[in-house]
Amino acid sequence: MADVHPPSGTGPLAKREARLAWGLLLPTITAVAIVVVLPLLAIFWISFKPVSLSDLRAPEAVVREDFRGGPEIAGDEATIRYRLRNSSQDRPILNVSFIDTLPEGLSAQSLDERCVLDGRNLSCVFGDWEPGFRDTLTIPVVVAQAYFDNDERPRDSDAQIVGQSSNVLTNDEFTLQNFARIFNGDEFFEVLWVTLFYTVFGTIGALLVGLFAALLLNKSFKGQGILRGLYLFPYVAPVIAVAFAWLILFDPFSGSVNALLVQMGVSTEAINFFGERPLALIMVTIFEIWRYFPLSFLFILARMQSIDTDMYEAADMDGASPFQQFWYLSVPQLLGILSVLFLLRFIWTFNKFDDIFLLTGGNAGTRTLTVNVYEQAFAISNIGAGAAVAVVIFGCLLMFSIVFLKYISREEGL
Amino acid sequence: MSMIRRGFVTGPVLGALWMVVLSVTVAVAMSFATGDAFRPSILLSLLWGALGGAAVVFFPRSLLVQAGLFVVTAALVLAGIGALQTGVSTGPFARLIGAALLAGTFAVSLLPILKEVVPGALNRHEFEGAVIRFLTGFGYIFFTAIVLIPFYVMVMTSLKNQSQLIQNPLDFSIDFSQGADLFRSYGELFRDFNFGTYLLNSFFISVLTVFITLAFAIPGAYAVARLRFRGQAAFSRSILLIYMVPMIVLALPIYIAFSMTGLRNSFVGIVMIYPVTTIPVALYMLQGYFRGLPSEIEEAGLMDGLSRLAVIWKITLPLSLPALASVSLYVFMIAWNEFLLAFMLLDDPTRFTLTRGIAALNSSEIPRQHLMAGSVIATVPIMALFLGLEKFMTKGLTAGSVKG
Chain A
13 MADVHPPSGT GPLAKREARL AWGLLLPTIT AVAIVVVLPL LAIFWISFKP VSLSDLRAPE
73 AVVREDFRGG PEIAGDEATI RYRLRNSSQD RPILNVSFID TLPEGLSAQS LDERCVLDGR
133 NLSCVFGDWE PGFRDTLTIP VVVAQAYFDN DERPRDSDAQ IVGQSSNVLT NDEFTLQNFA
193 RIFNGDEFFE VLWVTLFYTV FGTIGALLVG LFAALLLNKS FKGQGILRGL YLFPYVAPVI
253 AVAFAWLILF DPFSGSVNAL LVQMGVSTEA INFFGERPLA LIMVTIFEIW RYFPLSFLFI
313 LARMQSIDTD MYEAADMDGA SPFQQFWYLS VPQLLGILSV LFLLRFIWTF NKFDDIFLLT
373 GGNAGTRTLT VNVYEQAFAI SNIGAGAAVA VVIFGCLLMF SIVFLKYISR EEGL
Chain B
1161 MSMIRRGFVT GPVLGALWMV VLSVTVAVAM SFATGDAFRP SILLSLLWGA LGGAAVVFFP
1221 RSLLVQAGLF VVTAALVLAG IGALQTGVST GPFARLIGAA LLAGTFAVSL LPILKEVVPG
1281 ALNRHEFEGA VIRFLTGFGY IFFTAIVLIP FYVMVMTSLK NQSQLIQNPL DFSIDFSQGA
1341 DLFRSYGELF RDFNFGTYLL NSFFISVLTV FITLAFAIPG AYAVARLRFR GQAAFSRSIL
1401 LIYMVPMIVL ALPIYIAFSM TGLRNSFVGI VMIYPVTTIP VALYMLQGYF RGLPSEIEEA
1461 GLMDGLSRLA VIWKITLPLS LPALASVSLY VFMIAWNEFL LAFMLLDDPT RFTLTRGIAA
1521 LNSSEIPRQH LMAGSVIATV PIMALFLGLE KFMTKGLTAG SVKG
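Taken in order, these protein sequences are the chains called A and B.
Counting in the numbering used here, the first sequence runs from 13 upward without gaps.
Counting in the numbering used here, the second sequence runs from 1161 upward without gaps.
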């Protein structure tokens, strides 16, 4: 008698479904791999390389051709001149050679020993060029009538030049200098401390302010929708617009806030809000809270509105006061969304670049890790060092993500 | 704690604090509205507010008490010893309005705040109720102020000229008598600074980003939400992780690669990058929505002989139009507001997006009403879109995911 088993393993239907799923996901995976994963690998690579901004332009062998002598009738003498140059001042170009086509009706009188003329085709082999190499190649020619009958001129055909240059991005030169540079000195620890201050206070502040706003709007009244829309403005508006609005509002010379403070007698002279230590750091943190409280507000409010009201009615009957109800009933219900929001906002605030960059440019003690990437790479034009800072950020991020994944698995349904 | 929960303490304390809130608010509002000198006196606010609170607690509540509060508060301000102080140069009319505003708001709102507060001991309910009403009032003023003031400053600055701005920074009024001349910085932006092109560029790039994002995210989200395959759980989780990779980390290699391949300063380059930054969040939002759709309808479609792809096209997508709308709006917003990549990758003024164009206005040679006019131009379309579709947006955001 044959044994009867339920089918085991994956059947053809399941296999087909899985194939379809991967097929549907393939475009996304490819795109993400190209634009996210590849750059991430690249940043590790670059962080070990002594790259500066100027290295991005590969050294080029440049050839400029001109025709001198201005021949007017057949039999005149003229010169074809090639000016040759290595565009880089510090890197050589190897195995340079070029080919060019001479117009009809020119006959070369003498030829440089590096060049060969085959019919009208000129080809020259130069070997290696030193950094900053310059040379001029001249070919005296006699002009025949055919040249005038024809429209073709020497500069009509471009000289094709080839050469190999070693590129610092692809060669096998690796160094730990970048890391040594960024970890060296107190500067790194200041950057780290600023980042942590900004992240921790920005996150907690945005959560608390968002919670307050959600509590305010967690009842239905006329105009509730309008206020909710209004309170979301800071989050929806382009960061560049609101950052500049803040800068103008808090301008030390003609800002309204300073004028107001002076008039109210709070301060006797103008305060440079975004230009002074440690005020600038506090201000960018407040900006962060201002800009992102709407997000926490939105999520907390959504969660609040899904809490069953029966519970509160029962608590009311039992004589629980409003604060007791908030603390013992609402807070436990909100803890889930609060913890998820905290983790997410923490990571995103840690990664924030635009806000601080636009407000202070990282000056006055507001340089966070992300701003430091930009500073190193573009202000000091040391791309390698910028990449090294980026690697540090990525390391932190990985750490946070592990924590995050541990919690998010408990708090699914975000 | 039990001490403060007596009406004769609670009333004056809340009255004093409320007067501080109101006098600061009125002073700021009046300074901005008139450009004149108004300032709150914190000490006098505490004093008169406490007395007002006491009055409400001890006298039987009536219209008469309210009228009394109004008259006394206004008279004190006008006499120069009130919670709101005015400068010498302040005109009598402005002074009168300021006094009336403070007295009016105080008289009208104090009674409801102290609704159940009586002189003797209060129970927790009555006490906390009063505190909550005070906090609510404060909250509305606070949030409305912090949200509206920066946006108002943006609009107002764009409608003035440099000398007006420096002359009196406190003057928040807009001079409507100039007529169309009011909008001259906008005209100059469009005429001399190419803002029309930037607007079109931004619009074009954002719309393209929305379409490309949807084209990638819809099949992906469907696969993650509905189909069973190995690695499904891990995949749906790693979507969010990708979203956490900071842009500035990616921007460096992208900058290098684009510099070397000549993709910098091209729309192709921008349109290659933007969708990838938005695909993860769109995918996450959509898969949340797809999961919520009843699978029976789709199964019925399968039974009727439709292929999976036809099911997606003919059943799932029409059912998810609201979700698609909110995702599109959200993606549009991200692309429209994007600054970092546009700033790094675009140098050619004919290819600027709006945000990049505004960044270019931030120089000492360009008057700042232009900068603010540019900001308004970038803000208004996204705000209008958002307010029109706010319901979709908030629902979609909270249903799917969050973004930083």
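C-beta atoms are modelled at their ideal positions from N, C-alpha and C, and glycine is treated no differently.
- Less than 8 Å divides the Cβ of A/Y247 from the Cβ of A/R303.
- Within chain A, no residue has its CB atom less than 8 Å from the CB of B/M1445, the nearest being about 11 Å off.
- Going by DSSP, B/P1200 is part of the beta strand (DSSP E) stretching over 1198-1200.
- Of the residues B/R1255, B/S1222, B/T1510, the one whose Cα lies closest to the Cα of B/A1234 is B/R1255.
- Residue pairing of A/S177 in beta bridges, as defined by DSSP: A/I105.
- In the three-state reduction of the DSSP assignment, A/I92 falls in the strand class, which pools E and B.
- Rounded to the nearest whole angstrom, the CA to CA distance from B/A1381 to B/T1476 is 11 Å.
- Counting C-beta atoms within 10 angstroms of its own C-beta, B/E1458 has 16 or more neighbours from the protein chains shown and is therefore classed as buried.
- Under the three-state reduction of DSSP, A/E325 is assigned to helix.
- Between A/P62 and A/D102, the beta carbon gap of about 12 Å keeps them out of contact (Cβ cut-off 8 Å).
- Listed along chain B are V1307, F1311, M1543, each with a C-beta nearer than 8 Å to that of A/F245.
- The stretch 171-191 of chain A makes contact with the stretch 43-61 of chain A: 3 or more CB pairs, one atom from each, lie closer than 8 Å.
- Residues of the stretch 1380-1402 of chain B with a C-beta less than 8 Å from any C-beta of chain A: G1380, Y1382, A1383, V1384, L1387, R1388, F1389, R1390, Q1392, F1395, R1397, L1400, L1401, I1402, listed in chain order.
- Residues W1178, V1181, S1269, I1273 of the same chain have their beta carbon placed closer than 8 Å to that of B/G1297, with the five preceding and five following residues left out of the count.
- Identification of chain B residues near A/I405 by a Cβ-Cβ cut-off of 9 Å yields P1406, I1408, V1409, ordered along the chain.
- Nearest C-alpha to B/G1228 among B/G1391, B/A1267, B/A1290, B/A1210: B/A1267.
- A/I414 and A/L307 have their C-alpha atoms some 23 Å from each other.
- B/L1469 counts as exposed, since fewer than 16 other C-beta atoms from the protein chains shown sit within 10 angstroms of its C-beta.
- Leaving aside the five residues that flank A/A120 on each side, the residues in its chain whose CB is nearer than 7 Å to its CB run, in chain order, L129, I151, V153.
- Proximity of B/N1497 to chain A, defined by a Cβ-Cβ separation below 8 Å, is satisfied.
- A residue is called buried when at least 16 other Cβ atoms come within 10 angstroms of its Cβ; A/E202 does not meet this threshold and is exposed.
- Neighbours of A/T382 in chain B, taken as residues whose beta carbon is under 7 Å from its own, are P1406, I1408 in chain order.
- In the displayed model, A/N284 falls within coil according to three-state DSSP, outside both helix and strand.
- In this structure, A/Y210 sits near A/T297, with a CB-CB distance shorter than 8 Å.
- With at least 16 other beta carbons inside 10 angstroms of its own, B/Q1245 counts as buried.
- By the rule that beta-carbons nearer than 8 Å mark a contact, B/V1268 does not touch chain A.
- The contact set of B/M1190 on chain A, defined by CB atoms closer than 8 Å, is empty, because the minimum CB distance reaches about 11 Å.
- In this structure, the straight-line span from the alpha carbon of B/R1199 to that of B/V1184 is close to 7 Å.
- Closest option to B/I1430, judged by alpha-carbon separation, among B/A1502, B/D1507, B/M1407, B/L1453: B/A1502.
- Secondary-structure assignment with DSSP links A/Q172 through a beta bridge to A/I111.
- Residue environment: B/M1314 is assigned as buried (16 or more neighbouring CB atoms within 10 Å of its CB, all protein chains considered).
- Neighbours of B/R1255 across chain A, judged by C-beta separation under 8 Å, do not exist; the nearest C-beta is about 15 Å away.
- Across the stretch 94-110 of chain A, no CB contact with chain B closer than 7 Å is found for any residue.
- If you check each beta-carbon in the stretch 1282-1302 of chain B against every beta-carbon of chain A, the ones closer than 7 Å belong to R1284, H1285, E1288, G1289, I1292, T1296, G1299, Y1300.
- Classified as exposed, A/V174 has fewer than 16 neighbouring CB atoms from the shown chains inside 10 Å of its CB.
- At least one C-beta of chain A is nearer than 8 Å to the C-beta of B/E1550.
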